[in-house]
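Participant: Submitted below is the structure of interest, expressed as C-alpha cells.
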Amino acid sequence: MNVIDLHVHTTASDGTMRPAELVRYAKKKGLRAIAITDHDTIEGLDEGIQEGQNIGFEVITGVELSVDVPAGTMHVLGYLIDHTQSELREKLRLLQEVRMERNMKMVEKLGALGIPLQLSEVKAAPEHGQIGRPHFAYMLVKKGHARTIQDAFDRYLGKGKPAYVEKFRFAPDEAMHFIRAAGGITVLAHPFTLNRPQPNELEALIISLKGKGLDGIEVFYPEHSEGQMKLYRSLAQQYGLIMTGGSDFHGLTKDDVDLGEGYGGKEVTYGLVEAMKARRESRLKV
Ligand code: AMP
Ligand code: FE
Ligand code: FE
Ligand code: ZN
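Heads up, the sequence shown is in the numbering used here, so the first residue is 0 and it goes up one at a time.
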C-alpha cells in the first residue's frame, strides 16, 4: 500500500498512543509512512524515528504550531525539520513555558468557579508529554464536573468559556521562518478552521502567506468536504504550493477517525512526500 498519513498526534502532546506504539500501529495498518505532528513539541520524534528504524517504517519529522490570527484558528505544520536544531528547540521551549503559566491560570479560574482542581491532579491524567486543555477536560470528567470531554470544553474550557485562558502564539511569519530555518517545509493545516467561507478571501490570505514563507496546503483532511478539497487543491496548484493530507489522529479512544483514514484516502499517497522532499531539496540548493 502506498497510503500515508501526514497529521498524527502522540502522547508527547494530546494523543493517546506513545510514539513507538503509533509507529507499530501504522505499519500494522499497512501505511507507507507517517509524519508525527504533535502540537508545539518535537519530544515524540526521537522515539518514533527509532521505532521506525527498528521495524523498517518511514517516520517523517513534524510539528504543528498554533499561530496568532485575528479571526478563526490557524495551525501551521512543519515537515522534514531538523528537530535537533537549536533555534527551533528554543522556540518550542518558550511555548512549553507559556503553556505551564497558562495551566496555572486555568487552575485559578476553575477554583474561582468553585471547582477545586490541582495542577498535580491534572498532571496525573493519562500519559502525556505536555499538559493542556484535553487533560483538564479528562480530570473534569473524572471528578464529576463534566459528563464528557466535549461537555467540559463546551461549559468550561472552550474559547470564550469561563475557564478559558488565551495562550501566547507566534505570528504566522515567525513560525514559518523558524520551521524553514530548521530545514523544514511549512504547510497551512486544515484551512477550513480559518473560517474564510469566501473563496476569494481565502485566496488573498494564501497569497499573503506564500509571501511570508508558506510551502503547502493541507488539502486532504477528514473535516473537509469534497468542495473544500477541490478548492484547496486548485489554490495549491495555482500558487505553486505542495499538497498534504492526514487524519489528525489523536488515538483510538478520542475521536472517530482512525490512522490513515477519512481524508480522501487513496489520493494521499507517497507521491506527496516525494513532492515535499523535492521542494525541500530545491530550496536547500539555492
Ligand atoms: P490546548 O493546546 O491546551 O489549547 O488544547 C488544544 C487541544 O484541545 C486541541 O488539540 C484539541 O485536541 C482539544 N480541543 C480544543 N478545543 C476543543 C473543543 N471545543 N472540543 C473538544 N476538544 C477541543
Ligand atoms: Fe490536539
Ligand atoms: Fe490542528
Ligand atoms: Zn493536529
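Don't be surprised by glycine CBs; every beta carbon is placed ideally from N, CA and C.
1. Express the C-alpha separation of L109 and A162 in angstroms, rounding to a whole number.
2. In three-state terms, what does DSSP make of T268?
3. For R195 and M99, I'd like the C-alpha separation in whole angstroms.
4. By the DSSP assignment, the beta strand (DSSP E) with H74 in it spans what residues?
5. Grab the span of the beta strand (DSSP E) containing D150 for me, first residue to last.
6. Please look up how many angstroms separate the CB atoms of E42 and A11, rounded, as I've assumed it's under 8 Å.
7. Could you check whether the stretch 124-143 touches the stretch 82-93, counting it as contact only if at least three pairs of C-beta atoms, one from each stretch, sit closer than 8 Å?
8. Would you identify the three-state DSSP class for I295, choosing helix, strand or coil?
9. Name, in chain order, the residues that DSSP records as bridge partners for H38.
10. For the beta strand (DSSP E) holding M242, just list the boundary residues, first then last.
11. For D255, does the count of other Cβ atoms within 10 angstroms reach 16, so buried, or fall short, so exposed?
12. In the DSSP assignment, what residue or residues form a beta bridge with G215?
13. Only counting the same chain, and skipping five residues up and downstream in sequence, which positions put a Cβ closer than 8 Å to that of T192?
14. Please enumerate, following chain order, all residues with a beta carbon closer than 7 Å to at least one heavy atom belonging to ligand 4.
15. Per DSSP, V140 forms a beta bridge with which residues?
16. I need the straight-line Cα distance from A111 to M105, nearest angstrom please.
17. Would you say the beta carbon of F167 comes nearer than 6 Å to a heavy atom of ligand 1?
18. Buried or exposed: K284, going by 16 or more other Cβ atoms within 10 Å of its Cβ?
19. Enumerate in chain order the residues of its own chain whose CB-to-CB distance from E222 is below 7 Å, with the five nearest sequence positions on each side excluded.
20. Can you give me the C-alpha to C-alpha distance between V68 and D172, rounded to a whole angstrom?
21. Could you tell me whether the Cβ atoms of G250 and M16 are closer together than 7 Å?
22. Under the criterion of a Cβ to heavy atom distance below 6 Å, does D67 qualify as lining ligand 2?
23. What whole-angstrom Cβ distance do V186 and I3 have, given they're in contact under 8 Å?
Facilitator: If we stick to the structure as given:
1. 6 Å
2. strand
3. 31 Å
4. 73-78
5. Here D150 belongs to no beta strand (DSSP E); instead the alpha helix (DSSP H) covers 148-151.
6. 4 Å
7. no
8. Not covered by the structure: residue 295. The range shown for the chain is 0 to 285.
9. E63
10. 241-244
11. exposed
12. V186, I241
13. G71, T72, M73, H74
14. H6, H8, T36, H38, E63, H74, A188, D247
15. Note: V140 sits in no beta bridge, so no partner.
16. 10 Å
17. no
18. exposed
19. H189, F191
20. 11 Å
21. yes
22. no
23. Incorrect: roughly 14 Å between the Cβ atoms, too far for contact.
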